[in-house]
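Following: one structure in structure tokens, then a few remarks.
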Amino acid sequence: MHSLVFLCAQKVVSHSALLKDALSFIPKELYPVLFKAAFLDKRKESLKQLVETWPFPVLSFQRLLRKCQHCEYALIQEKPNKLCIQAVIEGVVTYLIKMLETRRPSKRKKQWLKVLDMTGLQDEGQGPESMSLWSRTVTLARACLEVSKQQNKHKRRRSKRRKSPYSKPAAPLTSPPASVDVWVDLFVNSSSYGVLKEALQVNGSNALRLRCRDFCAEELSIASTVGLLEFLDPVGVRQLDLRFKNLGLSGLRVVLMYLAKFTNLASLKLPYSNIDVRRLTVGMEGSLQYFTTQLSRLPRLKELNLGSSRLSGKLRQLLGELQNPLESLELAFCYLLPCDFAYLSQSLHVPALKKLDLRGNNLSNTLLQPFLNLLSEATSTLLHLDIMECCLLDLQLNALLPVLSRLSRLRYLGVFGNPISTTGLKNLLHCTLPLLDLRLVIYPYPVDCYADDLPWPPTASHLLNGLVDEEKFSRVRNELQQMLLSANRADAVWTTNLCRHNSLDYFSL
1 MHSLVFLCAQ
11 KVVSHSALLK
21 DALSFIPKEL
31 YPVLFKAAFL
41 DKRKESLKQL
51 VETWPFPVLS
61 FQRLLRKCQH
71 CEYALIQEKP
81 NKLCIQAVIE
91 GVVTYLIKML
101 ETRRPSKRKK
111 QWLKVLDMTG
121 LQDEGQGPES
131 MSLWSRTVTL
141 ARACLEVSKQ
151 QNKHKRRRSK
161 RRKSPYSKPA
171 APLTSPPASV
181 DVWVDLFVNS
191 SSYGVLKEAL
201 QVNGSNALRL
211 RCRDFCAEEL
221 SIASTVGLLE
231 FLDPVGVRQL
241 DLRFKNLGLS
251 GLRVVLMYLA
261 KFTNLASLKL
271 PYSNIDVRRL
281 TVGMEGSLQY
291 FTTQLSRLPR
301 LKELNLGSSR
311 LSGKLRQLLG
321 ELQNPLESLE
331 LAFCYLLPCD
341 FAYLSQSLHV
351 PALKKLDLRG
361 NNLSNTLLQP
371 FLNLLSEATS
381 TLLHLDIMEC
391 CLLDLQLNAL
401 LPVLSRLSRL
411 RYLGVFGNPI
421 STTGLKNLLH
431 CTLPLLDLRL
441 VIYPYPVDCY
451 ADDLPWPPTA
461 SHLLNGLVDE
471 EKFSRVRNEL
481 QQMLLSANRA
491 DAVWTTNLCR
501 HNSLDYFSL
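Numbering-wise (UniProt numbering), the sequence shown opens with residue 1 and increments by one.
Here is the structure:
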């Protein structure tokens, strides 16, 4: 439902030419509702005009696009429209260039736009009208370079005028007449590295400055990654996601040298780094200890992702020097040993754990009891548990159910890729029905729905590539759905779809 104010705002922003003339008469208190109406209806020109004349110091997408008294739509939770994002960026660029050209002092200086907050926009799946995080990064970087170019052009003009014998002396200006800090999440790969580095290099003196909250670099070289980390302002960075390929301990050591300055870092993700501690040389032992020391120098670290590294028997060494507990620990495909689980069960981290990702670790044999002991210590805090592809058969699942039933705050459970039967799935559903916060379960195709030639016990690869009898599975899916409806749990989503339903983000836990 829309309020009468919002309906009127939609009418106003539908005529950009009339809006331009009316903005000088419109009270500033109406700008937020006009912005949301223009964003909802994809009124690009109106958005641009609103941003150019924005009467507040801050323009925040999270505040403006959330559910409000005038409009129930939470647009911040939807895919960002490409044209709308471009319009906002163009509006800021136009505003700054006008300020450079006129250099007018303003009586309303405190009301100039100073901060554009574009954090929190969704990046789940892309369509022709949406704008990915990569595209937003490139678009903003180019906008920064355009403003820098115009700024330098005006500096040269002023310099020539000062040198003229007929011009009046003017005091040199050390800073632009107005500036805007853009808070944003950045995603960079080899194709966008060049333009982003150029934009970060001019950040210090530019009228349009990038301020990074979450930074993700994918498969860049060590030198390129370090080159960007050097230019990031560390104060506002809360997450670094550095996705290398086969970096190893020696390569990672180089990168870790630059992490100490990020004292506000809450989340560090180093997946696919291919750390292998199973056969350490003397030099590698030193690198592993250096890694541990650098982690201990991040005082606010709450999340750590070391997925796809072989950390067998080394969790105590890696995490033992941390002074504060982790709340999210991702150890997917890490070849863990019973001693690793024993350490976690007794560590300072387990009473604080909200998210635990153990995908790809074989929990079916010697790890099962240590895993159950670990879960038993986290029953009051755990919100997110991912045990996909962990070789869990019905026998192990049945042993797990009593502990699962005590995870009273659990919101997400991932068990996809485990060789579980229809009976096992029904037992799992029945056991977790009392967990009222559990809203999303990613479950596997039951093994009895596969063709008869399925090897036993099947691996995760067999389950992923095996032939599923769709008719049989359809019956099972309907039975599970009926069980949820009968228990008044229609709010819970049980699905095999890995793409449409992403796991919980640490910062939304």
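No residue lacks a Cβ here, since even glycine has one placed at the ideal position from N, Cα and C.
Residue i (DSSP reduced to helix, strand or coil)
i, result
"L242", "strand"
"T263", "coil"
"L4", "helix"
"K109", "Bear in mind that a pLDDT of 46 at K109, under 50, signals an unreliable position, so the number given afterwards is only what the model happens to contain. Residue state, collapsed to three classes: helix."
"L336", "coil"
"S328", "strand"
"W183", "strand"
"V92", "helix"
"C71", "strand"
"S287", "helix"
"A171", "The predicted model places A171 with a pLDDT of 49, which falls under 50 and marks its position as unreliable; any figure quoted below should be read in that light. Note: A171 maps to coil in three-state DSSP."
"E29", "helix"
"N305", "strand"
"R406", "coil"
"P455", "coil"
"Y193", "helix"
"G424", "helix"
"P370", "helix"
"L145", "helix"
"A17", "helix"
"Y506", "helix"
"Q482", "helix"
"K42", "coil"
"N152", "helix"
"V394", "According to the sequence as given, residue 394 is Asp; it is not Val. Three-state result, D394: helix."
"T379", "coil"
"Y258", "coil"
"H462", "helix"
"Q323", "coil"
"T432", "helix"
"S345", "helix"
Exposure label - residue i; buried when at least 16 CB within 10 Å
i, result
"S309", "buried"
"A451", "exposed"
"K314", "buried"
"F25", "exposed"
"Q369", "exposed"
"R359", "buried"
"P455", "exposed"
"L298", "buried"
"H430", "exposed"
"G424", "buried"
"L326", "buried"
"N478", "exposed"
"V36", "For clarity, residue 36 is Lys in the given sequence; the question names Val instead. By the 10 Å Cβ count, K36 comes out buried."
"D185", "buried"
"M257", "exposed"
"P18", "First, the amino acid is wrong: residue 18 is Leu here, not Pro. Looking at its Cβ environment, which holds fewer than 16 other Cβ atoms inside 10 Å, L18 is exposed."
"T263", "exposed"
"R43", "buried"
Integer-rounded CB distance, given that residue j should sit under 8 Å from residue i
i, j, result
"C391", "S364", "4 Å"
"L252", "L270", "7 Å"
"V58", "D123", "With a Cβ gap of about 22 Å, V58 and D123 do not count as contacting."
"F6", "C71", "5 Å"
"S312", "L295", "Not confirmed; about 18 Å, so no contact."
"V415", "I387", "6 Å"
"S345", "E377", "5 Å"
"V202", "L113", "Incorrect: roughly 20 Å between the Cβ atoms, too far for contact."
"I76", "Q62", "6 Å"
"A143", "L208", "6 Å"
"residue 534", "Y290", "The displayed coordinates of the chain run from 1 to 509. Any statement about residue 534 would go beyond what the structure contains."
Residue(s) in a DSSP beta bridge with residue i
i, result
"I442", "G414, T495"
"K355", "S328, H384"
"R310", "D276"
"D469", "Partner(s): none; D469 has no beta bridge."
"Y450", "V468"
"S130", "N81"
"D117", "S60, W183"
"V188", "A217"
"L268", "L240, L304"
Residue i beta carbon near the ligand ADP (any heavy atom closer than 6 Å)
i, result
"R489", "Only the bare structure without any ligand can be found here, which leaves the ligand ADP out of the picture."
Q. Counting only runs that start and end within the region 196-250, where is the beta strand (DSSP E) found for 3 or more residues in a row?
A. 208-218, 239-243
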